[in-house]
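Quick note: to get my numbering, add 13 to the position in the sequence shown (first position is 1).
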Amino acid sequence: MRFLNNLSIAASTILMSLTIASSSIFAQVSKGPQPRIEVSSDYFYFGYMPINAIVQHVYWVRNTGNDTLRIVTVKPGCGCTTAPISKDAIAPGDSANLKVIFDSKNMTGKMVKDIDIFSNDPNKQSIAVKFFAVVNREHDFVRAEPNVLRFSKFGSKDGKMIKTFEVLNNFSTDIEVSLIELPAANFKIDKKNVKVRPGEKAQFTIEQLQSVTDEADVLTSVTFEFVGDETDRITIPLVAHLQQ
């Protein structure tokens with residue numbers, strides 16, 4: 014019995030020594046240059062949006078480590094979503110944009126979608142981002158008219174591609190409407206924040222600065238948040254003019 018106890022103590026001592034040694038080795042290895050992945054946010058809310066529409070959001074993927082971050086693959090959780098990244102090798106201190114493109118198709122109701130990002134970060138080999146949307150429904154008290162904007166040079170006297178839309182407030186109190194995101198740099202909006210009184214409308218103007226030459230750049234969106242008795246969002250799809 015004493016022999017077994019001594020054997021058990023000896024085994025425990027050896028195991029502890031091995032654990033300490035392996036921890037020391039791991040600590041030494043982990044001190045070397047390593048990439049570290051971070052994202053600008055782990056979720057985005059589009060709010061209310063139309064059916065059969067394409068909307069976009071840009072996540073920023075940053076390398077806060079001290080070695081090159083390599084994006085192995087990006088896997089959307091649904092065939093309705095694509096997520097091209099601007100580059101798959103990100104230097105320390107640099108970042109890449111991950112453009113999430115969601116096609117609502119014939120969906121209806123509340124949607125939650127995932128995108129998994131796999132990289133060579135040894136401490137976080139995969140990271141997930143999500144987005145949320147309410148499809149094919151209008152908010153009970155706030156809506157955009159029209160809810161899709163299509164740009165064209167045809168019919169314009171000066172060649173400018175400008176569209177206007179209105180945000181209607183059917184609440185009994187004021188709402189503050191603020192621009193959240195306009196992902197495409199090819200568009201300019203006339204105002205980013207406005208107060209809308211009960212029963213009134215605020216008019217916005219968006220201009221497409223130049224025609225796009227790539228079909229991949231035709232479909233984008235603009236997202237607004239309104240704050241009042243409730244806080245929520247609306248996203249308006251934008252269909253850019255394509256240079257033929």
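Just so you know, even glycine gets a beta-carbon here, dropped at the ideal spot from N, CA and C.
In this structure H254 does not touch K176 by the C-beta definition: roughly 10 Å separates them, more than the 8 Å allowed.
CA-CA distance, V231 to K112, rounds to 14 Å. With at least 16 other beta carbons inside 10 angstroms of its own, G60 counts as buried.
Contact between N182 and R210 holds: their C-beta atoms lie close to 7 Å from each other, under 8 Å.
With distances taken between CA atoms, T94 lies nearest to V71 out of Q257, F154, V71. E151 carries a coil assignment under DSSP once its states are collapsed to helix, strand and coil. By the neighbour-count criterion, in which 16 or more other beta carbons inside 10 Å mark a residue as buried, A197 falls on the buried side. Contact between the region 101-117 and the region 204-223 is not established, with fewer than three Cβ pairs separated by less than 8 Å.
A straight-line Cα-Cα distance of about 14 Å links A229 and P250. When secondary structure is reduced to three states using DSSP, A215 falls in the strand class. Residue range 82-89 is occupied by the beta strand (DSSP E) that includes P89. Fully contained in the region 108-196 are the following beta strand (DSSP E) runs of length 3 or more, in chain order: 108-116, 122-132, 139-148, 155-158, 174-182, 188-194.
For H70, the enclosing beta strand (DSSP E) covers residues 67-76.
Counting C-beta pairs closer than 8 Å gives three or more between the region 80-91 and the region 117-133, which meets the contact rule. Inter-segment contact for the region 136-156 and the region 44-57 is present: three or more beta-carbon pairs are separated by less than 8 Å. Distance between I64 and D203, taken at the CA atoms: about 26 Å.
Residue V252 holds the alpha-carbon nearest to the alpha-carbon of P159 among I140, V252, I188, I50.
Taking C-alpha positions only, S234 is separated from P46 by approximately 39 Å. Beyond the five residues adjoining it in sequence on each side, P89 comes within less than 6 Å, by CB distance, of A96, I128 in the same chain, given in chain order.
Around the Cβ of Q69, a 10 Å sphere holds 16 or more other Cβ atoms; the residue is buried.
With 16 or more neighbouring CB atoms inside 10 Å of its own CB, V190 falls in the buried class. The C-beta distance from I98 to V87 rounds to 6 Å, short enough to meet the 8 Å contact threshold.
E228 sits in a helix when the DSSP states are folded into three classes. G212 sits exposed, since fewer than 16 C-beta atoms from the chains shown fall within 10 Å of its C-beta. The DSSP-derived three-state label of E51 is strand.
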